[in-house]
Amino acid sequence: MLSRLAYTFRETGASLRRNITLTVAAILTSAVSLFLVGGTFLVQRGFDNLLSKWAGGVQMIVYVSPTATPDQVTNIKSALESSPTVVDVGKLEYLNFEQSLAEAKRLLAADPTTFRLLNEANLPTEFKVVPKAGQLNVLVQLANGFAEVPKVQKVVLARDQVEQISKLRDFVQTVTVGLSVLLLVGALILIWTTIRTAMFARRREIEVMKLVGATNWFIRIPFMLEGLIQGLIGALMSCGFLLFFNRLWTNGVVKLKGDNGFIALVVSNSFLNLVMLLVVLFGMAAGAIASGVAASRFLDV
Amino acid sequence: MLSRLAYTFRETGASLRRNITLTVAAILTSAVSLFLVGGTFLVQRGFDNLLSKWAGGVQMIVYVSPTATPDQVTNIKSALESSPTVVDVGKLEYLNFEQSLAEAKRLLAADPTTFRLLNEANLPTEFKVVPKAGQLNVLVQLANGFAEVPKVQKVVLARDQVEQISKLRDFVQTVTVGLSVLLLVGALILIWTTIRTAMFARRREIEVMKLVGATNWFIRIPFMLEGLIQGLIGALMSCGFLLFFNRLWTNGVVKLKGDNGFIALVVSNSFLNLVMLLVVLFGMAAGAIASGVAASRFLDV
Amino acid sequence: MIRLENVTKIYNSEVTALRDATFDVAKGEFVFLVGPSGSGKSTLLRMMNRQESPEKGAVWVAGRNINEMPDSKVPHLRRNIGNIFQDYKLLLNKTVHENVAFALEVIGRPKHVIRQQVPAVLDLVGLTGKEDRFPHQLSGGEQQRVSIARAFVNRPLILLADEPTGNLDPATGEGIMRLLDRINKTGTTVVMATHDQRIVNMMRKRVIQMDRGIIVRDQARGVYE
Amino acid sequence: MIRLENVTKIYNSEVTALRDATFDVAKGEFVFLVGPSGSGKSTLLRMMNRQESPEKGAVWVAGRNINEMPDSKVPHLRRNIGNIFQDYKLLLNKTVHENVAFALEVIGRPKHVIRQQVPAVLDLVGLTGKEDRFPHQLSGGEQQRVSIARAFVNRPLILLADEPTGNLDPATGEGIMRLLDRINKTGTTVVMATHDQRIVNMMRKRVIQMDRGIIVRDQARGVYE
Ligand SMILES: Nc1ncnc2c1ncn2[C@@H]1O[C@H](COP(=O)(O)OP(=O)(O)OP(=O)(O)O)[C@@H](O)[C@H]1O
Ligand SMILES: Nc1ncnc2c1ncn2[C@@H]1O[C@H](COP(=O)(O)OP(=O)(O)OP(=O)(O)O)[C@@H](O)[C@H]1O
Ligand SMILES: [Mg+2]
Ligand SMILES: [Mg+2]
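Read top to bottom, the protein sequences are chains B, F, S and D.
Under the working numbering, the residue at position 189 of the first sequence is numbered 193, and the numbers go up by one with no gaps.
Under the working numbering, the residue at position 13 of the second sequence is numbered 17, and the numbers go up by one with no gaps.
Under the working numbering, the residue at position 11 of the third sequence is numbered 30, and the numbers go up by one with no gaps.
Under the working numbering, the residue at position 212 of the fourth sequence is numbered 231, and the numbers go up by one with no gaps.
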């Protein structure tokens with residue numbers, strides 16, 4: 005058993021070195037493909053972030069001063085609920101300090117310095133307001149009234165900043181999800197054809213092994229390990245690209261800073277890490293499985 | 005000479021048929037790669053369209069009624085130029101009917117029905133106004149004043165609709181241009197490695213041809229023709245994808261219609277055709293050149 | 020040990036390479052297959068390790084009908100058959116040592132056994148000092164000897180040799196023949212296709228002669244003729 | 020026609036395959052190269068069409084030093100040299116007919132000439148009826164004969180034959196030797212590496228014998244010994 009393992013590793017190593025053309029081709033292809041896939045996930049997440057504040061038809065946000073007492077918050081809530089024909093009371097949502105902080109953390113992923121300055125004394129909590137169907141215009145007229153309620157810090161209307169973006173929301177989401185799937189399929193096709201071609205170049209080798217009495221798995225396993233390693237290296241390279249471009253993107257977005265909300269386009273490091281982990285796992289699995297299947301095509305001797 | 009030509013075609017045809025694995029791999033890879041490249045161009049153009057109305061720091065557009073006489077247009081111009089500390093007179097731009105029509109054509113690519121309704125009697129001409137540095141706020145205050153000038157139909161401020169998008173302008177453009185270049189490089193790498201691998205599988209064939217006395221070009225030309233054909237087929241497939249996804253995108257955007265300007269995200273058919281033409285040319289050239297170069301690697305016997 | 024019953028092989032439903040071949044090879048026998056180029060010698064040998072399957076008839080090896088054997092048993096069959104291929108079929112990406120060692124790795128021999136047996140076998144075929152060369156760095160005859168070494172390194176029950184001396188000079192060829200004879204004497208059944216008149220006449224073993232796919236002579240202690 | 024001057028060939032700066040080889044082959048001569056496996060016969064032949072370059076010394080073919088020839092002239096040189104390779108080197112993706120035709124296409128022969136000459140040559144080597152087969156559908160000896168047909172279909176000035184009868188039965192081999200003899204009689208210079216004692220002794224041509232890279236005998240009308 006140990007000798008089998010040793011054999012497999014030696015075999016794989018030698019093969020990677022001696023078929024350097026094929027190795028490099030497989031690695032480059034998977035690097036490019038996986039980068040595309042990972043990149044799409046990041047872009048999609050950025051848009052999601054940007055839009056999530058206005059998800060579910062939220063059209064108005066009422067920011068409550070951090071100094072408000074629970075009673076005062078209840079007052080504001082009552083004020084909002086006092087126009088049940090305009091405000092969809094069922095969908096009225098209050099984010100307390102913890103929830104507001106969580107939201108800020110996500111939106112300020114690119115700006116940890118600012119985030120660290122937030123605390124219970126300066127972070128406003130917020131009500132998210134959804135109008136009843138067709139009542140948006142009336143809501144806009146009521147907005148100023150709500151601003152007068154004690155301890156309301158600011159009232160922000162979707163229309164002011166992100167109405168258009170909010171309108172784009174479903175559309176962009178469909179497009180980015182579609183694109184991810186497309187690129188995933190594309191990446192699989194690319195990895196598959198590269199490995200298939202490499203196997204084609206080595207079909208006589210496989211044939212000879214069979215004729216000498218090797219079992220299918222004996223032949224397949226080193227090939228699969230080889231594919232796994234190529235997928236792994238390709239995935240690591242693509243992670244390098246992802247880190248690099250995420251840095252560029254983040255810097256670009258941070259420079260845009262100001263009153264706009266585009267800072268939310270930046271994804272958090274933990275999400276980036278998750279994507280990279282998935283890319284690595286996917287790369288290894290795709291490489292191993294594709295190699296195994298491609299080898300099988302020539303095992304029939 | 006004729007026999008040489010006949011030889012080349014026969015050779016290429018036989019090779020495409022007999023190396024079916026390699027042929028399919030090369031075609032799929034170039035289809036996927038070229039689709040990515042073409043797709044980026046389209047997306048980039050869409051953004052460009054969306055932003056071009058507000059290019060060059062334009063912050064205010066003064067629409068002039070189509071019924072205005074040349075004198076009245078001059079009056080409006082004087083009014084705008086009367087505040088040289090606020091309006092950057094050097095950058096003040098007037099689009100006459102033809103120019104406005106051209107702009108509308110581009111922005112309404114997705115909506116030819118609406119575009120066909122436009123004529124000299126209903127299409128306003130427009131002044132594009134760039135403020136002096138730091139004078140944006142003053143310009144906003146002046147906007148209402150300009151609306152009073154005779155024959156001014158409407159004054160639109162960037163802030164109202166697209167200030168944010170305008171701010172994103174340079175950023176998005178950098179990103180999309182960067183992405184195109186990146187994908188172009190990626191596509192080249194993919195096409196190159198596929199062809200390189202295919203050549204690797206056929207290196208012994210090339211060696212034997214050399215030993216029988218074939219010149220380098222005698223060997224290379226059928227390979228290049230083969231690469232060209234594979235690139236062509238791949239490019240045509242990617243054009244199919246492009247047409248399909250452009251249709252999806254256009255339908256999606258058109259459904260979003262309303263008062264927003266996102267209709268401009270749709271690219272004109274002539275631009276789509278141009279992109280497809282470029283994709284086809286690029287696919288053929290990349291296939292032929294990459295094959296020629298890859299074959300050369302093994303010609304050294 | 021090997022038994023062919025009315026074996027007919029037709030390639031691509033048009034080339035009849037074997038017609039109704041029937042014979043027995045006893046355990047420990049040494050058989051020469053002779054006949055003109057294209058008469059079906061290699062095809063006959065390829066029948067015996069299931070590299071090809073007959074259109075008609077049956078092939079029995081060590082008491083089993085190998086054409087009715089499930090695919091999963093074929094590797095096991097092949098491990099008991101050493102094969103010297105007419106075109107050598109070396110693994111081009113492996114060195115001489117690795118090529119020979121492969122036959123042992125396939126049957127799971129531990130490393131220390133491999134490290135000891137491979138050099139011994141390479142010495143027998145006169146390739147000492149060339150262990151680390153790749154096949155393309157060898158002369159034709161040297162490649163042929165690697166193929167020979169690989170075929171019997173794991174002491175198979177049966178040795179199928181297709182033209183094993185075709186690229187060897189008479190002296191080296193005779194050495195190899197003495198080696199095959201010695202292997203045969205230890206109980207291994209040997210079937211060898213050859214064109215080498217001198218060797219056949221010298222050895223005086225059983226000779227099966229083929230012509231256009233038909234067995235035209237089967238003679239104990241025969242000559243090439 | 021061919022002249023080697025103190026040619027030394029060292030592979031990978033360690034294997035000396037040829038040491039100080041010097042000889043002349045006159046136009047129209049027929050020369051046998053003999054010697055044990057690995058003695059450098061194929062290497063010597065590979066020198067003559069610039070498949071390998073010597074570490075020392077010079078190779079002259081048809082009055083030109085082929086090692087100082089620019090790369091662009093090499094195809095022209097090779098078209099005048101027919102080559103029968105020890106491992107055949109057939110184009111695996113081409114049929115028998117296409118393999119032979121390739122040698123004519125390379126020199127730009129028109130289609131009607133190819134259509135007429137290729138079948139004639141295939142007939143000479145006994146492959147009529149197998150024109151449309153691919154190399155893997157042929158027996159070893161048949162592949163060898165395709166290689167022979169390709170080598171002389173364009174009537175080269177020089178024919179370099181590496182073990183051209185190694186996979187042929189004696190009768191077919193003799194036929195091929197008669198063919199080579201006839202080609203030689205029309206003025207083609209032939210250099211042939213062989214292990215076939217019988218053929219060498221029968222033909223009584225000039226024999227160059229090698230041993231471990233050194234020419235140890237060069238005898239007119241010699242025998243194998
Ligand atoms: N895969 C194949 N497809 C079609 N015909 C084949 C195939 N393999 C062999 N043949 C034909 O079958 C016949 C027998 O071939 P085989 O290889 O058995 O001959 P052989 O006796 O070994 O000849 P040689 O001495 O030249 O090696 C030949 O005529 C050959 O052309
Ligand atoms: N590419 C190479 N790299 C290293 N050594 C080589 C290479 N090619 C040949 N040799 C060595 O050079 C020597 C001469 O080889 P060559 O092929 O000329 O022998 P040969 O006389 O043709 O033998 P055979 O009769 O077996 O074909 C051999 O020892 C061989 O191992
Ligand atoms: Mg045979
Ligand atoms: Mg040789």
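Note that the Cβ used here is the ideal one computed from N, Cα and C, for glycine as well.
The structure presented is a predicted model; accordingly, all values stated were derived computationally and were not measured.
Query raised in the report: Hey, does F:Gly217 have any beta-carbon neighbour from chain D nearer than 7 angstroms?
Result: yes
Query raised in the report: Do you know how far the Cα of B:Lys81 is from the Cα of B:Gly149?
Result: 13 angstroms
Query - S:Gln105 Cβ short of 6 angstroms to ligand 3 heavy atom set - result: yes
Query raised in the report: Among F:Thr118, F:Val91 and F:Ser69, which has the Cα closest to the Cα of F:Phe101?
Result: F:Ser69
Query raised in the report: According to DSSP, which residues form a beta bridge with B:Leu32?
Result: DSSP lists no partner for B:Leu32.
Query raised in the report: Straight-line CA distance for S:Arg65 to D:Ile100?
Result: 36 angstroms
**Report entry** Proximal residues of chain S, C-beta to C-beta of B:Val212 below 8 angstroms
**Finding:** Lys108, Leu109 and Leu110
Query raised in the report: Among residues of its own chain, excluding the 5 on either side of B:Asp164, which ones have a beta-carbon nearer than 6 angstroms to its beta-carbon?
Result: Low local confidence applies: a pLDDT of 45 at B:Asp164 is under 50, so the model's placement there is unreliable, with the coordinate-based value given in what follows. Answer for B:Asp164: no residue qualifies.
Query - Backbone CA spacing between S:Ile103 and S:Pro183 [nearest angstrom] - result: 7 angstroms
Report task. Verify whether the separation of the beta carbon atoms of F:Glu124 and F:Ser104 is less than 7 angstroms. Result -> no
Query raised in the report: Would you say S:Arg164 and S:Val144 are within 7 angstroms of each other, going by their C-beta atoms?
Result: yes
**Report entry** Cutoff 7 angstroms: B:Thr27 Cβ touching any chain F Cβ
**Finding:** no
Requested in this report: Please classify B:Ile225: does DSSP put it in a helix, a strand, or coil?
Outcome: helix
**Report entry** Any non-hydrogen atom of ligand 2 closer than 6 angstroms to D:Ser58 Cβ
**Finding:** yes
**Report entry** Contact residues within the stretch 193-206 of chain B, judged by C-beta distance below 8 angstroms to chain F
**Finding:** Ile193, Leu194, Thr197, Thr198, Arg200, Thr201, Ala202, Phe204 and Ala205
Query raised in the report: Which residues, taken in chain order from the stretch 59-74 of chain S, show a beta carbon closer than 9 angstroms to some beta carbon of chain D?
Result: Gly59, Lys60, Ser61 and Thr62
Query raised in the report: Using a Cβ-Cβ cut-off of 8 angstroms (strictly less than) and excluding sequence neighbours within five positions of F:Pro128, which residues of its own chain qualify?
Result: Tyr67, Val68, Ser69, Pro70, Ser104, Gln157 and Lys158
Query raised in the report: D:Gln105 by DSSP, collapsed to three states: which one?
Result: coil
Query raised in the report: What does D:Pro55 touch in chain S if you count any residue whose Cβ is under 7 angstroms from its own?
Result: Asp188, Ala190 and Thr191
Query - Neighbour-count burial assignment, F:Asn220, 16 or more Cβ in a 10 Å radius - result: buried
Query raised in the report: What residues in its chain sit with their C-beta under 6 angstroms from that of B:Arg200, if we drop five residues either side in the sequence?
Result: Ala298
Query raised in the report: S:Ser32 versus chain D: which residues are under 7 angstroms apart at the beta carbon?
Result: Near S:Ser32 there are no residues of chain D at all, since even the closest Cβ is about 13 angstroms away, more than 7 angstroms.
Requested in this report: Determine whether the Cβ of S:Ser158 lies closer than 7 angstroms to any Cβ atom of chain D.
Outcome: yes
Query raised in the report: Between the C-alpha atoms of S:Glu24 and D:Pro189, what's the straight-line distance to the nearest angstrom?
Result: 30 angstroms
Query raised in the report: From this set, S:Glu193, S:Ile133, S:Pro154 and S:Arg201, which residue's C-alpha is nearest S:Val172's C-alpha?
Result: S:Ile133
Query - Proximity test, Cβ basis, 7 angstroms: F:Ser7 and chain D - result: yes
Query raised in the report: Secondary structure at F:Lys214, three-state DSSP: helix, strand or coil?
Result: helix
Query - Stretch-stretch touch, CB-based, cutoff 8 angstroms, three pairs: the stretch 149-169 of chain D with the stretch 106-126 of chain D - result: yes
Query raised in the report: Are the CB atoms of B:Leu32 and F:Ile293 nearer to each other than 7 angstroms?
Result: no
Query - Residue environment, S:Met211, which counts as buried when at least 16 other CB atoms sit within 10 Å - result: buried
Report task. Could you check which residue in S:Met20, S:Ile21, S:Glu71 and S:Glu48 has the C-alpha nearest to that of S:Asp287? Result -> Residue 287 of chain S cannot be examined here, being either before or after the span of chain S that is shown, 20 to 244.
Query - Contact test: F:Gly296 Cβ vs ligand 4 heavy atom, cutoff 6 angstroms - result: no
Query raised in the report: Cα separation between S:Ala40 and S:Ile234?
Result: 6 angstroms
Query raised in the report: If you run the structure through DSSP and keep just helix, strand and coil, what is B:Met203?
Result: helix
Query raised in the report: Nearest chain S C-beta to D:Gln228 closer than 7 angstroms, yes or no?
Result: no
**Report entry** Spatially closest choice to S:Gly127 from S:Val78, S:Ile167, S:His95 and S:Arg236, by CA coordinates
**Finding:** S:His95
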